[in-house]
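Chemist: Input: one structure, supplied below.
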Amino acid sequence: MIDYNSIIEKFYTAGTPLHEVLMVHSKQVADLSLELCKLLKGRGVAIDEEFVYAAAMLHDIGIIKVDAPRIHCLGNEPYIKHGILGAEMLESMGLKEYALVCERHTGAGLTLDDIKSQDLPLPLRDMTPQSIEEKVVCYADKFFSKTHLGEAARDIETVRKQMARFGEKSLARFDEMHALLCGCEPQPRHA
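In our numbering, the protein residues as written are 52 to 242.
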C-alpha cells in the first residue's frame with residue numbers, strides 16, 4: 052500500500068483546521084469504504100481493499116486549492132474543481148489510479164452532458180466512476196459531510212434527497228451504485 056499520510060503531508064500542515072477537515076472526513080469515507088469492500092468480498096466480488104482505503108484517504112486532497120472558507124479551504128478555485136485538482140496533484144506523482152478516484156468521485160460522478168449542460172468549469176470528458184473501487188469511494192463519500200465534521204453517516208434517504216437535487220440522472224447513478232455495492236434492489240426513482 053502507498054503511504055497516503057506522507058502524500059497528504061506534502062500538501063497539508065498537520066494540526067491545522069484544514070488538515071483536520073481532510074483527515075476526519077477522509078477517514079470516515081475510508082472506513083465505510085472498507086466495510087463495503089468486506090460486503091462485496093463476501094459476495095465473491097474481487098476488490099483491492101488496500102487500494103480502496105488509500106484512495107479514500109486521498110480522494111479529497113485537492114480541497115487545498117479551492118475557495119471554501121467554511122471548511123478552511125483558502126485557495127482560488129471553485130469547489131467543483133477539487134476532484135480534478137486532486138487528480139492533477141496525484142498524477143504529477145505518478146499515481147494515475149488514485150488520481151482517477153479523485154476525478155470521478157464528485158456527486159455520483161459527472162457525465163460529459165452534466166459538465167456541458169451545467170457549464171461546469173471542468174474538462175469536457177466523462178468523470179463517472181468506472182471501476183468497482185472508484186464506485187466504492189464515490190458512494191461512501193456521499194454519507195459524510197465536511198461542514199458537519201465527525202457526524203455519524205447520513206441515512207440513505209437523506210443521501211438520495213441530496214443526489215436528487217442534482218437531477219434525476221444523478222440520483223439514478225447513485226441508486227445504481229447502491230444496488231451494486233449493497234446487493235439490494237435499486238431504489239424507486241422518486242426522491
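We put the CB at the ideal spot given by N, CA and C, even for glycine. Source: prediction; values computed, not measured.
Which first and last residues belong to the alpha helix (DSSP H) in which Y55 is found?
Modeler: The residue you call residue 55 lines up with position 4 of the sequence shown. Y55 -> alpha helix (DSSP H) spans Y55 to F62.
Chemist: So, are the CB atoms of P129 and D118 less than 8 Å apart?
Modeler: Your numbering for residue 129 matches position 78 in the sequence shown. Your numbering for residue 118 matches position 67 in the sequence shown. Yes. Within cutoff.
Chemist: State buried or exposed for R240, treating a residue as buried only when at least 16 other CB atoms are found within 10 Å of its CB.
Modeler: Position 189 of the sequence shown, counted from the start, is the residue given in the question as residue 240. Unreliable positioning characterises R240 in this predicted model, as indicated by a pLDDT of 49, which lies under 50. The coordinate reading is nonetheless provided below. Exposed, because fewer than 16 other Cβ atoms sit within 10 Å of the Cβ of R240.
Chemist: I need the boundaries of the alpha helix (DSSP H) containing P68, first residue and last residue.
Modeler: Locating residue 68 in the sequence shown gives position 17, where the first residue counts as 1. Where P68 is concerned, the enclosing alpha helix (DSSP H) stretches over P68 to G93.
Chemist: Output the distance between the C-alpha atoms of G126 and T198, rounded to the nearest integer angstrom.
Modeler: Within the sequence shown, the letter at position 75 stands for residue 126. Within the sequence shown, the letter at position 147 stands for residue 198. Answer to the nearest angstrom: the Cα atoms are 17 Å apart.
Chemist: Beta-carbon within less than 8 Å of I131's beta-carbon, same chain only, minus the 5 sequence neighbours each way: which residues are those?
Modeler: Here residue 131 refers to the residue found at position 80 when the sequence shown is read from its first residue. Hits under 8 Å: T157, L171, P172 and L173.
Chemist: Looking only at DSSP bridge pairs, what is G160 linked to?
Modeler: Numbered from its first residue, the sequence shown carries residue 160 at position 109. G158, per the DSSP bridge assignment.
Chemist: Along the chain, where does the alpha helix (DSSP H) containing G113 start, and where does it finish?
Modeler: For the purposes of this step, residue 113 is identified with residue 62 of the sequence shown, where counting begins at 1. That residue, G113, is in no alpha helix (DSSP H); it is neither H nor E in DSSP.
Chemist: Can you confirm whether the segment 52 to 59 touches the segment 94 to 109 when touching is taken to mean that 3 or more C-beta pairs between the two stretches lie within less than 8 Å?
Modeler: The segment 94 to 109 vs the segment 52 to 59: in contact.
Chemist: Kindly indicate which three-state DSSP category C233 falls into: helix, strand or coil?
Modeler: Residue 233 sits at position 182 when you count from the first residue of the sequence shown. Residue state, collapsed to three classes: helix.
Chemist: Can you list, in chain order, the residues of its chain with a C-beta nearer than 8 Å to that of T179? Leave out the 5 residues immediately preceding and following it.
Modeler: Stepping through the sequence shown from its first residue, residue 179 is reached at position 128. Closer than 8 Å at the Cβ level, and outside the excluded window around T179, lie R155, A159, G160, L161, T162 and R224.
Chemist: If you count every other CB in all the chains shown that lies within 10 Å of the CB of S143, and 16 or more means buried, which is it?
Modeler: Working through the sequence shown from its first residue, we reach residue 143 at position 92. S143 comes out exposed.
Chemist: What number of angstroms, rounded off, separates the C-alpha of H70 from the C-alpha of R121?
Modeler: Sequence index remark: in the sequence shown, residue 70 carries index 19 (1-based). Sequence index remark: in the sequence shown, residue 121 carries index 70 (1-based). H70 and R121: Cα-Cα distance of roughly 14 Å.
Chemist: Determine the burial state of A81: buried for a count of at least 16 other Cβ atoms within 10 Å of its Cβ, exposed for fewer.
Modeler: Position 30 of the sequence shown, counting from 1, holds the residue named residue 81. Label assigned to A81: buried.
Chemist: Span of the alpha helix (DSSP H) holding M178?
Modeler: In the sequence shown, counting from the first residue as 1, residue 178 sits at position 127. Taken as a continuous stretch (DSSP letters only), M178 belongs to no alpha helix (DSSP H), as it is neither H nor E.
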